[in-house]
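Residue numbers (the UniProt record's numbering), protein chains in the order written: chain A, 1 to 609; chain B, 1 to 176. Glycine is no exception: its CB is placed at the ideal position from the N, C-alpha and C atoms.
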Amino acid sequence: MNEHANSTSADKSGVTTVVNVGLASCGIAAGAQKVYDTFKTALEGLAVELTFSGCMGMCYNEPLVEVRSLNGGRYIYGKVQPEQVARIVQEHIQGGTPIMDWVVYSDRIKTPDADFIDKQQRIILKHCGVVNPEDIDSYLSVGGYKAIEKALKSMTPEQVIEEISRSGLRGRGGAGFPTGTKWSFARKSPGREKYVICNADEGDPGAFMDRSVLESNPHSVLEGMLIAGYAMGAENGYIYIRAEYPLAIKRLKIAIAQALEKGYLGSHILDSNFSFNIMIREGAGAFVCGEETALIASVEGKRGMPRIRPPFPAQSGVWGKPTSINNVETFANVPWIILNGGDSFSRFGTENSKGTKVFALAGSIARGGLVEVPMGITINEIVYDVGGGLSSGRKLKAVQTGGPSGGCIPASLADTQVDYDSLKKIGAIMGSGGMLIMDDSTCMVDVAKFFLKFTKSESCGKCTFCRVGTKQMLKVLERITNGEGRDGDIELLEELGQKISAGALCGLGQTVPNPVLTTIKYFRHEYEAHIFDKACPAKKCKALISYQVLADACKGCGRCSRECPTGAITGEKKMPFTINQEMCARCGLCISVCKFNAITVTTGKERGK
Amino acid sequence: MSNPDSLKLSAENFDAIDQIVNKYNSDKGAAIMILQQVQATYGYIGQSMLERISQLTGTPTSELFSIVTFYSQFRLEPLGENFIQVCHGTACHLAGAERISEAVQHVTKAKPGHTSPDGKFTLEHVACLGCCSHGPIMTLNNETFARMTPDKVKKMLHQKVADKGFVNSEGCELSE
Numbered sequence: 001m002n003e004h005a006n007s008t009s010a011d012k013s014g015v016t017t018v019v020n021v022g023l024a025s026c027g028i029a030a031g032a033q034k035v036y037d038t039f040k041t042a043l044e045g046l047a048v049e050l051t052f053s054g055c056m057g058m059c060y061n062e063p064l065v066e067v068r069s070l071n072g073g074r075y076i077y078g079k080v081q082p083e084q085v086a087r088i089v090q091e092h093i094q095g096g097t098p099i100m101d102w103v104v105y106s107d108r109i110k111t112p113d114a115d116f117i118d119k120q121q122r123i124i125l126k127h128c129g130v131v132n133p134e135d136i137d138s139y140l141s142v143g144g145y146k147a148i149e150k151a152l153k154s155m156t157p158e159q160v161i162e163e164i165s166r167s168g169l170r171g172r173g174g175a176g177f178p179t180g181t182k183w184s185f186a187r188k189s190p191g192r193e194k195y196v197i198c199n200a201d202e203g204d205p206g207a208f209m210d211r212s213v214l215e216s217n218p219h220s221v222l223e224g225m226l227i228a229g230y231a232m233g234a235e236n237g238y239i240y241i242r243a244e245y246p247l248a249i250k251r252l253k254i255a256i257a258q259a260l261e262k263g264y265l266g267s268h269i270l271d272s273n274f275s276f277n278i279m280i281r282e283g284a285g286a287f288v289c290g291e292e293t294a295l296i297a298s299v300e301g302k303r304g305m306p307r308i309r310p311p312f313p314a315q316s317g318v319w320g321k322p323t324s325i326n327n328v329e330t331f332a333n334v335p336w337i338i339l340n341g342g343d344s345f346s347r348f349g350t351e352n353s354k355g356t357k358v359f360a361l362a363g364s365i366a367r368g369g370l371v372e373v374p375m376g377i378t379i380n381e382i383v384y385d386v387g388g389g390l391s392s393g394r395k396l397k398a399v400q401t402g403g404p405s406g407g408c409i410p411a412s413l414a415d416t417q418v419d420y421d422s423l424k425k426i427g428a429i430m431g432s433g434g435m436l437i438m439d440d441s442t443c444m445v446d447v448a449k450f451f452l453k454f455t456k457s458e459s460c461g462k463c464t465f466c467r468v469g470t471k472q473m474l475k476v477l478e479r480i481t482n483g484e485g486r487d488g489d490i491e492l493l494e495e496l497g498q499k500i501s502a503g504a505l506c507g508l509g510q511t512v513p514n515p516v517l518t519t520i521k522y523f524r525h526e527y528e529a530h531i532f533d534k535a536c537p538a539k540k541c542k543a544l545i546s547y548q549v550l551a552d553a554c555k556g557c558g559r560c561s562r563e564c565p566t567g568a569i570t571g572e573k574k575m576p577f578t579i580n581q582e583m584c585a586r587c588g589l590c591i592s593v594c595k596f597n598a599i600t601v602t603t604g605k606e607r608g609k
Numbered sequence: 001m002s003n004p005d006s007l008k009l010s011a012e013n014f015d016a017i018d019q020i021v022n023k024y025n026s027d028k029g030a031a032i033m034i035l036q037q038v039q040a041t042y043g044y045i046g047q048s049m050l051e052r053i054s055q056l057t058g059t060p061t062s063e064l065f066s067i068v069t070f071y072s073q074f075r076l077e078p079l080g081e082n083f084i085q086v087c088h089g090t091a092c093h094l095a096g097a098e099r100i101s102e103a104v105q106h107v108t109k110a111k112p113g114h115t116s117p118d119g120k121f122t123l124e125h126v127a128c129l130g131c132c133s134h135g136p137i138m139t140l141n142n143e144t145f146a147r148m149t150p151d152k153v154k155k156m157l158h159q160k161v162a163d164k165g166f167v168n169s170e171g172c173e174l175s176e
C-alpha cells in the first residue's frame, strides 16, 4: 500500500502533498462527500493535490482522509467531519505537524489501530484506497495493464492457463473450483465464439467485497478478464453486476471507456492479434442469478432460472457458446499472478487453499471493514488480531460465513483455519467472503429464520424441494419463534434440510438448509428453549418477550410515552410509567429514546416479573 | 423523475419507450435492459407500457410480465414522491433493520413494496446495500444514511413531510 497513486503527476507540477479522500459507497454513506467538498474549498490556492480513492478498508473509521507528502510519510485520519478539515489543513498540510489524536494509521508511527492493516496480507486490496478508480493513469502508475502486456508479448494462452493452475487459485465466489481448470475446459471446447463472464452479482446479504473492489480498483478486474479472454480464446466479456451497486456500475463504465480509449480494450490490443470487448449487464434483484446457469439466462434477458448441468457453461454457456464464469475477486487475483508467477502466489495459504481471501468483516466487531488475509489464518486471528475483538464488549457467540448458503461457526470452534476444506468439515463454507460476527445478544433461531425467509423469497420456484421445502422449513421456524413450537420440530427441520440438500436442482437450493442445520448442530439448546420453555435466551423473538419499565430507574420524563407508536405507555410526570402489554407492539422505540436505561426486556419464566 | 400521478400515458408519452427500444433492441437479449430503462424513466412499469414494448419488440406481453414479476427490482405501481429503501441484509438485520422498517411504516403508512395511500412515500426492502459496517442502513431518495434508529427515522421523515425537500442530516450522521 505504499505507492503514491498520483505521485508522478504530483512531481511534475511541484505539488508535494496529496490529500486523498476515500469515496466508496460506505464512505459516502458516512459523509465523505461533504468532507471532500470541504477540502476542495479549504485547499484552494494551495499547492496541494486533492484526489479520491475507493475503499481503504477501515470501514469502521469512515470517512477516511489520507494526507501523504513526498517526504513526510502518509497519515490516515479517521471519522473525519467537515469541521475538522480546517485544522488538518492548517496544522498538518501547512504546518507540517500531523494531528496524532486523529490519525488512525500511518507508515511512520504505530497507531492503536495499526494491526488492522499490518496483520493483513494485501494482494487484491493492495491498490484499493490508493489509486483513483476513475483515472486509468492512476492504475497505470502502479503497474496496471502490465500483466496483460506480459501475457500478450511473452506467453501463449496455454502458458497463461498453466501459470494460473500452478498458482492454485480457486474460485472466490464460494464454490472453490480451480480457476485454471475452468479456463482450460473453456479453451478446449470447440467453436470460435466464446465468452468470459464476470460474476459481480454479489447477492449474499452481509457481503461487500466485490462492490469495494469494483468501486476502488475496477481496472484490475478488467485486466483479469482480458487475461482470461486471451487464455480461453474469447473475444467478448460480460460483467453481470447488481443494480443495487450504482457507484460500482458508474466506475466500471468509466473504466471501460478509458480502457477503450487507451487501447487496452477493443481490437488488436497492444498491437497483438487479440481483441476483446466488455459489456455490462445489470442484474435486477434476484439472488438466484449468482448461480451460473441462472446468471447466463439473465444475461440473455430471460427469467433467471437455473438449469440442470451438464452441459456445463464451459461447453454451452451464454448463447449456447463456451463460457467461463468467474467471480470479481478471482479476476482481481489474476494480474498479480501473471506478473509475480504462480509459485509466488501459492506460497500464501494452505496445501489445498492457496493465496489470500478478502472478507467483509461486519456485525459486532470493533474494526469492521474489508480485510484480506492469507488462507489458513484462524477465525480467532481475524476476529481478535485484525478485527480488534467485539464492538459491544459482549462475548463472541458465533461467526457466520457464506451468507444464506453458509453456516454459523460457534465460538468454541473459532480456532478453525479459514480454508475451503476446514470450513466445509465443520458444516460451514468459505462462501464469497461475508463474515458476520455475532455476540451473545444474537438469537440463533432468529438468524436461521432470517436466512430462510430470504432464501424462500429468492427461490426461483423451478424445483419442488427448494420451492416447497423452504416454505415448510420457514413455517416451522416461524412457529418456533412465535412460541408455538412443538416437540419434534427440530427433528422435522433436520429431515427437511437433509432432503432439500439432496434433492434440489441448483447450488442455491442445495445449500439453503445450511444456516438451519448448523445452528441446530451447535445451538440446539436455543431451539429447545424456544420450544419447551417459551423463552428466547437472547431476548429477540417478539412473541416471547415483554418490555417493562424499571420503576427504580424511571424518572417519569414521559419521552417513551410520547414516542410510543401504539400509545401503550402511560403514566404521570415524575412518576414511573407503565407499559400496557396488550397494546405494546415490541418495536423497541422506547428503549431507543429512553435516556435513563429504564426499560428492560424479559423472557421465559422471568417474563413480566 | 416525472411525477407518476400527473403522467398520462398518451401517445406522446410513449415517445421515451420508443426511443429506449430503438436504442437497445439491436442488442441480443435486451428485454431486461429495456425494462430497466423504462422504469428509470417512468418510475414504474405499467401494463400499457408493457403492451407498447411488446408491440415494438415482438416479445409477447406475457413473457415481459414474467420477467418483471421475477425480478424484485421492477415496480408495477407508480413511485411515491419520496423513495425509501431499508436494507435487510444480515448485518442490518442483526443491527435492528426490522425496527427501522416498522418505524418507516408507522410514519409513512407505506407497506413494504408499496406506496403510501397519500402517494408521498414508497417503501422498499432491499437484500443488501453493501454498507454492512454501518447498519442499519436506509436510503431516502437515493441518499444513504448510516446507523439509523427508529428515533432518527421519525425525525427525518417528519421533517421531510414538513419541509418538502430538505432533510436535516443532523439526526442521521454517524454517531457511536
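{"Asked": "Please classify Gly304 (chain A) as buried or exposed, where buried requires at least 16 other C-beta atoms within 10 Å of its C-beta.", "Found": "buried"}
{"Asked": "Among B:Ala146, B:His134, B:Ala162, which one has its Cα closest to the Cα of Gly368 (chain A)?", "Found": "B:His134"}
{"Asked": "What residue range does the alpha helix (DSSP H) around Thr97 (chain A) cover?", "Found": "Element bounds for Thr97 (chain A): n/a, residue is neither H nor E."}
{"Asked": "Which partner residues of Met279 (chain A) appear in the DSSP bridge assignment?", "Found": "A:Tyr238"}
{"Asked": "What is the C-beta distance between Leu152 (chain A) and Leu270 (chain A), in whole angstroms, given that I count them as a contact (C-beta under 8 Å)?", "Found": "6 Å"}
{"Asked": "State whether the segment 168-185 of chain A contacts the segment 340-354 of chain A, with contact taken as three or more CB pairs (one from each stretch) at a distance under 8 Å.", "Found": "yes"}
{"Asked": "Name the DSSP beta bridge partners of Asp439 (chain A), please?", "Found": "A:Leu396"}
{"Asked": "Residues of chain B with CB under 8 Å from Glu244 (chain A), in chain order?", "Found": "Val126, Ala127, Cys128, Leu129, Gly130"}
{"Asked": "Under 8 Å between the Cβ atoms of Arg87 (chain A) and Asn20 (chain A)?", "Found": "no"}
{"Asked": "Check Gln81 (chain A) in the structure and name its three-state DSSP category.", "Found": "coil"}
{"Asked": "Determine the burial state of Gly96 (chain B): buried for a count of at least 16 other Cβ atoms within 10 Å of its Cβ, exposed for fewer.", "Found": "buried"}
{"Asked": "Taking its Cβ as the centre, do 16 or more other Cβ atoms sit within 10 Å of Val161 (chain B), making it buried, or is it exposed?", "Found": "exposed"}
{"Asked": "According to a CB-to-CB cut-off of less than 7 Å, which residues of the segment 65-77 of chain B neighbour chain A?", "Found": "Ser66, Ile67, Phe70, Tyr71, Ser72, Gln73, Phe74"}
{"Asked": "Apart from the five residues just before and just after Lys111 (chain B), which ones in its own chain have a Cβ nearer than 8 Å to its Cβ?", "Found": "Gln105, Leu123"}
{"Asked": "Provide the residue(s) that pair with residue 612 (chain A) in DSSP beta bridges, ordered along the chain.", "Found": "In the structure as shown, chain A starts at 1 and stops at 609, and residue 612 (chain A) therefore has no counterpart that could be examined."}
{"Asked": "Going along the chain, which unbroken runs of the alpha helix (DSSP H) with 4 or more residues stay wholly within the segment 279-356 of chain A?", "Found": "292-299, 328-340, 342-346"}
{"Asked": "Within 10 angstroms of its Cβ, does Ile17 (chain B) collect 16 or more other Cβ (buried), or is it exposed?", "Found": "buried"}
{"Asked": "Could you tell me whether the segment 319-338 of chain A touches the segment 385-405 of chain A, using the rule of 3 or more Cβ pairs below 8 Å?", "Found": "no"}
{"Asked": "Under a three-way DSSP split, which group does Ile429 (chain A) fall into?", "Found": "coil"}
{"Asked": "Can you grab the Cα-Cα spacing for the pair Ser167 (chain A) / Ser344 (chain A), in whole Å?", "Found": "8 Å"}
{"Asked": "To the nearest angstrom, how far is it from the Cα of Ser272 (chain A) to the Cα of Ser189 (chain A)?", "Found": "23 Å"}
{"Asked": "Take Phe331 (chain A) as the anchor and find which of A:Leu214, A:Leu474, A:Ser422 has the nearest alpha-carbon.", "Found": "A:Leu214"}
{"Asked": "Would you be able to state if there are at least three C-beta pairs under 8 Å between the segment 403-420 of chain A and the segment 367-386 of chain A?", "Found": "yes"}
{"Asked": "Can you pull the chain A neighbours of Gly89 (chain B), defined as C-beta to C-beta under 7 Å?", "Found": "Pro205, Gly206"}
{"Asked": "What are the boundary residues of the alpha helix (DSSP H) that includes Asn514 (chain A)?", "Found": "514-532"}
{"Asked": "Below 8 Å between beta carbons: does that hold for Ile249 (chain A) and Ile256 (chain A)?", "Found": "no"}
{"Asked": "Any beta carbon of chain B sitting closer than 8 Å to that of Cys584 (chain A)?", "Found": "no"}
{"Asked": "What residues from chain B crowd round Trp319 (chain A), counting only those whose CB sits closer than 9 Å?", "Found": "Lys28, Gly29"}
{"Asked": "Less than 8 Å separating the beta-carbons of Leu260 (chain A) and Ile280 (chain A)?", "Found": "no"}
{"Asked": "When we look at the beta-carbon of His530 (chain A) and count the other beta-carbons within 10 Å, is it buried (16 or more) or exposed?", "Found": "buried"}
{"Asked": "In this structure, does DSSP put Gln581 (chain A) in helix, strand or coil?", "Found": "coil"}
{"Asked": "List the residues of chain B that Ile256 (chain A) touches, going by C-beta distances under 7 Å, in chain order.", "Found": "Per Cβ cutoff of 7 Å: no residues; Ile256 (chain A) is ~16 Å from chain B at best."}
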